[in-house]
Each structure stands twice: as C-alpha cells, then as structure tokens.
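**Q** Going down the list, the protein sequences come from chains A and B. Be aware that the first sequence starts at 18, since it is given in the numbering used here, and climbs by one per residue. Be aware that the second sequence starts at 128, since it is given in the numbering used here, and climbs by one per residue. This is the structure I want to talk about, given as structure tokens.
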Amino acid sequence: MLGIFKKFFDKFFNRLFRRKKKIKLGIYGPPNGGKTTLANRICQDWLGEEMGTVSEVAHETREIQVKEQITIKSKGKELTFNLVDTPGIATKIDYEDFLRYGMSKKVAKKRAKEATKGVIDAIKWLDDMDTVIVVIDATEDPYTQVNITIIGNLEARNIPVLLIANKIDLKKADIKRVQAAFPQYKVVGISAKFGNNIDQFYEELLNLAS
Amino acid sequence: MLTLQFVPYSEIENLNSSKRIKKILSLVKEETIVLLEGRLQKEEETELIQKTMEEIDDKFKGIEIGVIYPEVKDTVFWRKIQRRMIRLLLGNREGFTVIGPATIVKEIKRDPDKIQLLTEETKRKKK
Chain A
18 MLGIFKKFFD KFFNRLFRRK KKIKLGIYGP PNGGKTTLAN RICQDWLGEE MGTVSEVAHE
78 TREIQVKEQI TIKSKGKELT FNLVDTPGIA TKIDYEDFLR YGMSKKVAKK RAKEATKGVI
138 DAIKWLDDMD TVIVVIDATE DPYTQVNITI IGNLEARNIP VLLIANKIDL KKADIKRVQA
198 AFPQYKVVGI SAKFGNNIDQ FYEELLNLAS
Chain B
128 MLTLQFVPYS EIENLNSSKR IKKILSLVKE ETIVLLEGRL QKEEETELIQ KTMEEIDDKF
188 KGIEIGVIYP EVKDTVFWRK IQRRMIRLLL GNREGFTVIG PATIVKEIKR DPDKIQLLTE
248 ETKRKKK
C-alpha cells in the first residue's frame, strides 16, 4: 500500500516539475515490430545519426539504448526528450529459433540469455517513462496478450501512449485492425523503414507529449 | 497428452502477487495448461513475464498467456460503482486466464469471445 502512495507522489511531483527535468520518451512493443527502425528514423531526422542496429532476427535489441537531447518540431510546436529504445517484450524465448538463422548453438544460447535480461530491463524501465510509443507490426494480429499487457500497464501508470501501426508499406498491413483492438487510443499508421506518414507521427507525438 | 488444470480464484485470493506467480509458474513448468478463474492484476501480468524470463533455460522456453474477459459496458453509473466494489471486495473473478508452457502451446488466439490454443501438433498439421 505504501508503495502505491510513494509511486503516486513520485509521479505527481515528477509531472509537476516536468519542465525542469528531461522527458523520457520510451519505445515499447513486441519483438520485430520495428522499434529500433523507428528510433533510427527519429534520430536520422533530427540528429542525423542512427541509434541501433536492426535485423530480421528477433531480439536484435537486447539492451536499453538511450539517445539524449532530441528536439523535434512540427507546426510551431517543439519537444525535447531523451529517447529510450527498449528490447521487445515477449513471454517466451527459445534459443532454437535463432539456430534457423545460421547461428551456432553457443551464440544462439547467448542471444537468448541476453534477450531474457532485456525483457526484464524493459519492464523495469516502464516506471521511468513520461510518454511511450507502442510499436505494433500492422501485418500481425494486434490482439495479443503482450500488447494488452504493455498498454494496460501504461494505462495503470497514467503514462500517455501513442500507438504506432508500423510496416504500412507492406500489403498485409491493416491499420483498422489495430485501431479496432485498441479503440481508446490514437493509432498512427507509418512505415518507419521508408518514412511513410512520418510527419503525422511527429505531429501526434507533439500533441500527446505537450 | 495435454493436461489442463483449473485453478479457482479462491485458491489464489489469499496469496500475495509473488506467491500467485510462483504457483502458476510451478504448474506451467510441469507442462500443465493452467485455466485460472478471473485474471491477474495488470502489474502481476508484467511480474509474471519478468519471472518467466528469469526461469527460461534449455528446457523451459517460456509461456503463452491469454485472457478472455467480458467487456461489459455499464451505462448506468451505480452499476459501474457496484461492479468496482465487487471487484475490490471479492477480487477480479470475471473471465478466464489461460497460461500454458511455450513448448506445448505455440499460440493463443482470441476472437475475442472464444479462445483458440494452437499446440505443437496443430502447428505441424497446418504446415
């Protein structure tokens, strides 16, 4: 009970003095949704550099990555934040899945071990976020327990959420399905890889964070 | 052979979060699909994921989890309050939570009023 009160007051004072501290903008979602691709897009657009490596193999990002002092501008509004790219949250990790990509057993096991630690860290960092972008692969079924758990936890912590339906450049992408799964949230369809609709994303992000 | 174990809410209501999670995980690690009455709290769901990650090894690959939950839209104010009070006093007994070992349950799909478990066998058949 005391913990709940402590969290509430911490959050209250943090929000009260938000202008004085650095805003943490987290990128969350299941593995392979395109979180790091989006982080790279933001960093390329506003800093001219990349944030992390991307791969078709799941759990490429296995450590929290932070890029400080990014300022984005759109339609007269401005927002400065620290961008936090997190490992994909999953309920299962099987090293044998990595073997299919030609990894040795030793490398695959190491990757799986690092991935499990990454998931734990991503969840631990949830409490520190001021605003979160949840990246969902629009070609996949959005109604998964991982998505529901992430969004439900952000809601319980009163953290503003922007839902991104990523990979709209692919034929299978269905933004309406993502919107139907989470009707209470604003969903922006983008292609982080090719930059489709990225201006609307920045606009919505500024609206949400401000 | 699949083993399903029903866990009534009364079996977990007096346990704290870590004990609830420990109980669920120990059953799942015995290759049992747990059918839990009600649902875990949101924070408990993330704690379950964290604990699952800590336990993953060569044999235990994680879990699949799905919640089927009635989305009742109360339009009358006092009905909303009544439901919240019941939840507060008796716990969240509405709906069901299915938790299975990832080695057996490959995917859980919701419709959202029905739930489908895709097991290793069904995946193989699909291929």
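Even glycine gets a Cβ: it sits at the ideal position worked out from N, Cα and C.
Whole-angstrom Cβ separation of A155 (chain A) and A198 (chain A), contact assumed at under 8 Å?
**A** At roughly 11 Å, the Cβ-Cβ gap does not stay under 8 Å, so A155 (chain A) and A198 (chain A) are not in contact.
**Q** Going along the chain, which residues of its own chain have a beta-carbon closer than 6 Å to the beta-carbon of T53 (chain A), five neighbours each way excluded?
**A** Closer than 6 Å at the Cβ level, and outside the excluded window around T53 (chain A), lie G69, V71, T78, D102.
**Q** Do T173 (chain B) and G189 (chain B) come within 9 Å of each other at the CB atom, strictly closer than that value?
**A** Result no, Cβ atoms of G189 (chain B) and T173 (chain B) do not sit closer than 9 Å.
**Q** Identify the continuous alpha helix (DSSP H) that holds G177 (chain B) and give its terminal residues.
**A** Note on residue identity: the sequence assigns Gln, not Gly, to residue 177 (chain B). Run containing Q177 (chain B): 169-182, per the alpha helix (DSSP H) assignment.
**Q** Quick one: which residues of the stretch 116-135 of chain A get their C-beta closer than 9 Å to a C-beta of chain B? List them in chain order.
**A** So the list reads K126, A129, K130, A132, T133, K134, G135, given in the order they occur along the chain.
**Q** For the alpha helix (DSSP H) holding N57 (chain A), just list the boundary residues, first then last.
**A** Taken as a continuous stretch (DSSP letters only), the alpha helix (DSSP H) holding N57 (chain A) covers 52-63.
**Q** Between M180 (chain B) and chain A, is there a C-beta pair that is closer than 9 Å?
**A** At least one chain A Cβ lies under 9 Å of M180 (chain B).
**Q** Return the chain-ordered list of same chain residues with a C-beta closer than 6 Å to the C-beta of N49 (chain A), the five sequence neighbours on each side being excluded.
**A** A75.
**Q** Mind checking whether I176 (chain A) and I153 (chain A) have CB atoms under 9 Å apart?
**A** No, the Cβ-Cβ distance between I176 (chain A) and I153 (chain A) is not below 9 Å.
**Q** Compare the C-beta of Q177 (chain B) against all C-beta atoms of chain A and say whether one is closer than 9 Å.
**A** Answer yes: the Cβ-Cβ gap between Q177 (chain B) and chain A drops below 9 Å somewhere.
**Q** Contact between the stretch 133-141 of chain B and the stretch 206-218 of chain A: three or more CB pairs below 8 Å?
**A** No contact exists between the stretch 133-141 of chain B and the stretch 206-218 of chain A.
**Q** Go ahead and pull the three-state DSSP assignment for S208 (chain A).
**A** Note: S208 (chain A) maps to strand in three-state DSSP.
**Q** Check S232 (chain A) in the structure and name its three-state DSSP category.
**A** The structure shown does not extend to residue 232 (chain A), since chain A spans only 18 to 227, so no value can be given for it.
**Q** Is it the case that the stretch 156-171 of chain B contacts the stretch 218-228 of chain B, given that we only count it when at least three CB pairs across the two stretches are under 8 Å?
**A** With the cut-off at 8 Å, the stretch 218-228 of chain B and the stretch 156-171 of chain B touch.
**Q** Rounded to the nearest angstrom, what separates D186 (chain A) and N213 (chain A) at their Cα positions?
**A** So the alpha carbons of these two residues sit roughly 8 Å apart.
**Q** Return the first residue and the last residue of the beta strand (DSSP E) that G227 (chain B) is part of.
**A** 223-228 is the span of the beta strand (DSSP E), which, as asked, contains G227 (chain B).
**Q** T166 (chain A) by DSSP, collapsed to three states: which one?
**A** Residue state, collapsed to three classes: helix.
**Q** Under 9 Å Cβ-Cβ, which residues of chain B neighbour A173 (chain A)?
**A** Going along chain B in sequence order, the residues near A173 (chain A) (Cβ under 9 Å) are Q168, K169, E170.
**Q** Quick one: measure Cβ to Cβ for V151 (chain A) and V195 (chain A), integer angstroms, because I've assumed they're closer than 8 Å.
**A** At roughly 10 Å, the Cβ-Cβ gap does not stay under 8 Å, so V151 (chain A) and V195 (chain A) are not in contact.
**Q** Determine the contact status of I106 (chain A) and I235 (chain B), defining contact as a CB-CB distance below 9 Å.
**A** No; because the gap between Cβ atoms is not below 9 Å, this pair is not in contact.
**Q** Any Cβ of chain A within less than 9 Å of the Cβ of E191 (chain B)?
**A** E191 (chain B) counts as touching chain A.
**Q** With a threshold of 9 Å between beta carbons, is K241 (chain B) in contact with chain A?
**A** Not one chain A Cβ lies under 9 Å of K241 (chain B).
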